[in-house]
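Before any comments, here is the structure.
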Amino acid sequence: MVSSDNTQKTPFTRQAMSGIRIAFAALVLVLGGFDRTQAEQSGPFAGVVVDSSLERYSPKSQVAGGFRVQGSDTMHALMRRLVSDFQARQPKVAIDLKSGGSAKAIAEFIEPPQPGRIVVKEERAKQILLVSSSRELLDTEKKQFSTARGYEPLAIPIAIDAVALYVHKDNPLTRLTLDQADAIFSMARQRGYKKDITVWGDLGLGQGWETAPIQSYGRDRKSGTRAFFQEHVLAGGEFKPTLHEEPGAASVILALSRDQLGIGYSGIGLQTSSVRILPLAEIEGLPPITPSAATVADQSYPLRRLLYLYLDKEPGTPLSPAVQEFLAFVKSREGQESVVRAGFYPLPMDQVEKLSVALGFLPHTPAPAKE
């Protein structure tokens, strides 16, 4: 039974929450170098391997140049790892890497180009932008881009991730359905759950949890993970105004580690001993699925997603040598091994082959004609 006079164990305490903002600054210093590798051999990442049939990265020459990568906070550790491992092989390529959220970078990316502006060669290299996004571009965003330019943006999947729902390690909840999650995070209940969920007793918890209010945590409006969760869990519904919005994936986990009443969503690679991932089922009656290498690969885990780079590339125009070599590295065996070391899932072989065709590394082979 939960004791209300124990500040470490009672679900009713909120004292620790006042220090979150201060602690977050310290967390950034710690997690700034945290590339999710601690989860690599256990939990959701146990058994993750890169397809041995992927080609190795074998550059024909050293290239020079530069470009920018900007976007997803979720992908920042992944991009930092890829950039570092690539520059170890191509040291003459300068890459300016920034995060700030998918939404902000996408908004800049889809803006119409400024007419009549002359750009010198050095500035043009700095303007080449790869947008890292933890969600696919919306149809409205693609239309805005193509209306201004006359062609679609190039979408480049580089890794696979999954979003998880976390609770404090002392929370006794063992599973959750997506319609229940919808009823926790959204007033709209687009998935049709029978009632609003506001206290832990609504999910069947007892022994002092019956009337304990649920505290929901998630990402702020700049986040692609927020947009993904809103689309795939809330079915497009709006978040409750009581949502505690956090600026990054790590701060969601920090908040939950300090709040026994909390539940929140974030990428799976940030699991620590102070929080737990909840197995998820689409609806009541179906078996709950825990994210793992197997369930992400066979797509039985419901919150699997691709992680993208987006590039403004006019059809028929070549990629810059620096960008081409970087993307060649990303799709190589070494690049996908970097993906795993960063705490994400590698692309399957068929996805890499599609990527190679899209980037012009392999010729397109038409499907055989039906007889």
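So in full-length UniProt numbering, spot 350 of the sequence shown is number 350, and the numbers just go up one at a time. Note that CB positions come from ideal geometry on N, CA and C, so glycine has one too.
Three-state class that DSSP yields for residue i in the structure shown
i	result
PHE361	coil
ARG341	helix
GLU246	strand
ASP96	strand
THR272	coil
PRO44	helix
VAL296	helix
ARG219	strand
VAL352	helix
THR225	helix
PRO321	helix
CA nearest to the CA of residue i, picked from the options
i	options	result
THR272	ARG89, ASP170, ASP220	ASP170
GLY335	ASP220, PRO44, VAL49	VAL49
GLY192	VAL233, ALA162, ARG221, ILE106	VAL233
ASP161	ARG304, ASP259, GLU231, PHE361	ARG304
ALA64	ARG333, LYS354, GLU325	GLU325
ALA103	SER61, GLY47, ARG219	ARG219
GLU238	LEU176, ARG149, ALA183, LEU280	ALA183
LEU355	LEU307, LYS194, LEU138	LEU307
GLY269	LEU130, ALA148, TYR166, ILE158	TYR166
Straight-line gap, residue i to residue j (C-alpha atoms, nearest Å)
i	j	result
SER53	PHE145	36 Å
GLU245	ALA255	10 Å
GLU210	GLU284	20 Å
SER84	PRO112	31 Å
ALA358	THR317	13 Å
ASP51	VAL352	10 Å
ASP179	GLN62	52 Å
ARG276	LYS143	40 Å
PHE185	GLY150	39 Å
VAL330	LEU309	11 Å
Beta-carbon spacing of residue i, residue j below 8 Å
i	j	result
ALA249	ASP73	yes
ILE95	LEU327	no
ILE106	GLU136	no
residue 374	GLN70	Lying outside 1 to 371, the shown extent of the chain, residue 374 is not represented and no answer is given.
GLY236	SER133	no
TYR128	ARG189	First, the amino acid is wrong: residue 128 is Ile here, not Tyr. Their beta carbons are not under 8 Å apart, which means ILE128 does not touch ARG189 by this criterion.
ARG226	ARG56	no
query = Curious, which full-length beta strand (DSSP E) runs of at least 3 residues does the stretch 121–156 contain?
reply = 129–133
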